[in-house]
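Take a look at the structure set out below.
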Amino acid sequence: MKPHTKIVLGLVLGAVCGVTANALAPDAAWVRWIGDNVAGPVGQVFLRLLLMTVIPLVFTSIALGVAGIGDIRKVGRVGIRTLVYFLLSTALSAAIGLGLVNLFQPGAGLPADVREQLMTTYRAQAQGLQAAGTTHFGIDTFVNMVPRNPIQAAAGMDLLGVIFFSLVFGAALTLIPEERARPLVRVLDAVGEAIVKIIDLAMKLAPYGVFGLIFFTTSRFGWGLLRQLGLYVAIVLAGLLVHGAVSLSLLVRVFGGLRPAVFWSRIRASVVTAFSTSSSNATLPTNIAVAEEELGIPPKIAGFVLPLGSTMCMNGTALYEGVTVLFLAQVFGVSLSLGTQVVVLVLSVITAVGAAGVPGGSLPLLMVVLATVGVPPEGIAIILGVDRILDMCRTTINVCGDLTAAVYVARAEGEWDPRAVTREPARLQVA
Ligand code: ASP
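Here the sequence shown is numbered in numbering that gives the first Met the number 0, starting from 0 and rising by one per residue.
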């Protein structure tokens, strides 16, 4: 059996077993035991194997990417292209979400007793989010991107700090005499290759890890809630689907010159990893491997665009934030004018840039947006019970958006020819 078929099988089997266990024996001790002692640990080992490669991967790929681009002015141009694409695609995505939520008004029909019941159940969790102290967003968010100590930033998984240091380090390598820089570039090259090998090995565990992660989540999921919040969930999912199937496909076609069907068939490994881990950071290693080996994007572009994208380009998250803010405004009877909705759109895009690529990374910032436009932030309690399923889906779109950015930048820079990507079956061992 091909490796990628195995991973998809792990995903499907994990979901079927988890949903069945949840339906037949919702609170049974043995289901919990299997989740805690078998499925959970296997999933966590897989997740940790990927996460352990993230810091060295980000450092080597960005430093080598910048050094490989060479000319510092060219780095600036690639950087600006990348950021403009991130912002425009994210705004487009958020606009789709806002359009849908205005059209269907899912919050207007939520019964008051359901609202109260959800608020009571998830209030403590919502307060926990707020108390975590990460709900602040302001000028210091940008100042903090410059780390005081790069080692500390790495140890604390502060990806923006690590990215900043790596960008500056790569730029510095191009500014010192070439014969001085060359030995280090060769070392970084070898480190990068070894890390990719580790990812290759970790992906051998992927079918089991994915099974474990999905079983763990679905076996504990409150499906009853899904019914109560059905319209809201359906709108987020429909928005993500429209953005993926229509906007991202069009962007790939128009700016990348690549047939969308080919693009989607090639990036399957990224889709499955993002869906099962709910984390852009954890998917970054797979995403880089997919971009380079499946799409043939040169490492200096993939290594530059994708790490930035994993924390700064979150199409799905912005859409989700926009829909959720308007949904909760409708639930609480707060009417938001068109002007305020534009503010919601802008804030969704900015906070999506600032959100961490970890499960639920956007929730604290979502509370900031709610508070800014006058919707009670603790109202987030209402949607917490279904957040995981939405997180899996929005993370998938986040990661696919990053890949479309890499496709666009590589083509615009004349570094990549879409005709080299054929429809032939995926070659990537890890996929
Ligand atoms: N889980 C998302 C990601 O990693 C972030 C979020 O929207 O919570 O991309």
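From the three backbone atoms N, C-alpha and C, an ideal C-beta is built for every residue, glycine too.
Can you tell me which of the options puts its alpha carbon nearest to the alpha carbon of residue i?
i	options	result
serine 218	Pro417, Met144, Thr4 and Ile388	Ile388
leucine 352	Ala189, Gly308 and Gly255	Checking the sequence, you will find valine at residue 352 rather than leucine. When only C-alpha atoms are compared, the closest one is Gly308.
leucine 97	Ala354, Met202, Ala317 and Asp139	Ala317
alanine 268	Gly211, Ala205, Ile54 and Val324	Ala205
leucine 325	Gln104, Val37 and Ala411	Gln104
glycine 78	Ile296, Ala419, Ala328 and Ala409	Ala409
leucine 228	Leu109, Val44, Val357 and Gly39	Leu109
proline 146	Asp157, Ala201 and Gly315	Asp157
serine 275	Leu8, Pro176 and Gly67	Leu8
threonine 310	Lys203, Leu283, Gln124 and Ala90	Leu283
valine 18	Gly356, Leu212 and Gly338	Leu212
alanine 290	Pro417, Val65 and Ser347	Pro417
Got a sec: does the ligand ASP put a non-hydrogen atom nearer than 6 angstroms to the Cβ of residue i?
i	result
proline 358	yes
asparagine 397	yes
arginine 393	yes
alanine 354	yes
threonine 316	yes
serine 347	no
serine 361	yes
serine 248	no
aspartate 401	no
aspartate 386	no
If you measure between the beta carbons of residue i and residue j, is that distance less than 7 angstroms?
i	j	result
cysteine 312	phenylalanine 85	yes
alanine 464	arginine 122	Residue 464 cannot be examined here, being either before or after the span of the chain that is shown, 0 to 430.
leucine 249	threonine 403	no
alanine 22	valine 30	no
threonine 81	valine 304	yes
arginine 252	proline 259	yes
cysteine 392	leucine 239	yes
valine 261	valine 420	yes
valine 270	leucine 10	no
asparagine 280	valine 53	yes
proline 358	serine 277	yes
glycine 384	leucine 230	no
glycine 34	phenylalanine 215	yes
glutamate 414	proline 306	no
glycine 208	valine 406	no
alanine 288	leucine 48	no
Check the C-beta distance from residue i over to residue j and give it rounded, since I have them as a contact under 8 angstroms.
i	j	result
isoleucine 95	histidine 242	5 angstroms
alanine 62	serine 165	5 angstroms
leucine 183	leucine 172	7 angstroms
leucine 12	phenylalanine 220	Their Cβ separation, rounded to whole angstroms, is 16 angstroms, which puts leucine 12 and phenylalanine 220 out of contact at 8 angstroms.
leucine 344	alanine 354	That pair is no contact at about 16 angstroms.
valine 161	phenylalanine 58	6 angstroms
Requested in this report: Scan the segment 237–309 and note each continuous alpha helix (DSSP H) run of 4 residues or more that stays entirely inside, going in chain order.
Outcome: 248–255, 259–265, 267–276 and 279–288
Query - Runs of alpha helix (DSSP H) lying entirely within the segment 56–131, each at least 4 residues, in chain order - result: 71–103 and 111–130
Requested in this report: Ignoring anything shorter than 3 residues or poking outside the segment 324–371, list the beta strand (DSSP E) runs there in chain order.
Outcome: none
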